[in-house]
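Only one structure is covered here, and it is reproduced in the block below.
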Amino acid sequence: MTIPNIITVLRFLMVPAVVYSLLVGAMWPAFVIFVIAGISDAVDGFIARQFQQQTELGAYLDPIADKLLLMTVFIMLAILGHLPHWLVVMVVSRDILIIIAVILSSVMARPFDMNPIFVSKANTALQIALASVVLAELAFGTTFGDLRWLLIYGVAVLTVLSAAAYLRVWVDHMAG
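Quick note: this note's numbering has the sequence shown finishing at residue 200, numbered continuously throughout.
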């Protein structure tokens with residue numbers, strides 16, 4: 025197993041640690057673990073590209089680890105009352121719809137690689153920023169006020185735009 029894949033597997037293991045920290049009200053550790061997970065995502069990608077350690081396994085594991093971490097943190101923050109439920113339903117529903125589209129394409133013998141598009145990357149970046157801001161607020165007892173709401177509405181808009189863009193690409197693929 026390559027070093028980037030080991031780092032990715034460790035990121036999977038950080039998910040229960042973040043959940044546990046949030047459940048017991050240990051916000052500072054939750055914030056630190058989330059930041060370390062984010063840094064590990066950048067590090068494993070850098071190592072994989074720089075040292076030609078890109079693998080097919082890593083190509084699957086990395087985005088799954090990222091989504092698992094983000095979705096889990098979003099769901100936990102909503103359950104704990106720190107993110108609006110409507111936003112989390114939007115974000116999770118979009119990801120579920122993408123997964124269903126990929127599976128349906130495969131079942132119909134029209135396999136489809138859902139490659140990230142710009143609006144999706146921007147959406148993920150805002151999701152990370154939002155989770156970081158909320159966790160930082162909880163960890164340090166501070167508030168970013170308007171920034172949090174700007175990120176919430178930014179994530180909502182980009183989630184809708186991203187879902188629509190993926191739907192268009194998928195429908196074109198299935199029709200073609």
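Using N, Cα and C, we set each Cβ at its ideal position, and we do this for glycine too. Please read these numbers as outputs of a predicted model, since none were measured by experiment.
Work out the CA separation of residue j and residue i for me, nearest whole Å.
i, j, result
"V42", "I30", "19 Å"
"H122", "S129", "The question names His, but residue 122 is Ile in the sequence shown. For I122 and S129, the distance between alpha carbons rounds to 11 Å."
"E167", "E161", "Here the sequence assigns Thr to residue 167, which means Glu is not the residue at that position. Looking at the two C-alpha atoms, the distance is approximately 5 Å."
"I27", "L175", "33 Å"
"F136", "S186", "17 Å"
"R172", "A133", "43 Å"
"V116", "W110", "10 Å"
"F164", "A149", "22 Å"
"M95", "K145", "15 Å"
"D170", "A153", "14 Å"
"P40", "F55", "13 Å"
"R73", "T79", "10 Å"
"L104", "Y177", "19 Å"
Quick one: is residue i buried, meaning 16 or more other Cβ sit within 10 Å of its Cβ, or exposed?
i, result
"Q76", "exposed"
"L107", "buried"
"D86", "buried"
"D68", "buried"
"V131", "exposed"
"F70", "exposed"
"A83", "exposed"
"M38", "buried"
"M51", "buried"
"V158", "buried"
"A199", "exposed"
Rounded to whole angstroms, how far is the Cβ of residue i from the Cβ of residue j, which I believe are closer than 8 Å?
i, j, result
"K91", "D65", "The Cβ separation is near 11 Å, so there is no contact."
"F58", "A155", "6 Å"
"V179", "Q151", "6 Å"
"A61", "L93", "5 Å"
"T32", "A125", "That belief does not hold up - the Cβ atoms of T32 and A125 are roughly 24 Å apart, past 8 Å."
If we cut at 9 Å on Cβ distances, does residue i have a partner in chain C?
i, result
"L92", "Checking the listed chains, one finds no chain C in this structure; it contains a single protein chain."
| field | Inter-stretch contact (C-beta, 8 Å, three-pair minimum) for the stretch 137-146 and the stretch 175-191 | value | yes
| request: Would you check if the stretch 36-53 and the stretch 91-100 touch, i.e. whether three or more CB-CB distances between them fall below 8 Å? | output: yes
| Can you list the beta strand (DSSP E) stretches of 3 or more residues lying completely in the stretch 33-63, in chain order? | none
| Runs of alpha helix (DSSP H) lying entirely within the stretch 75-147, each at least 4 residues, in chain order | 80-103, 109-131
| said: In chain order, what are the residue ranges of uninterrupted beta strand (DSSP E) at least 3 long that sit wholly in the stretch 145-200? | reply: none
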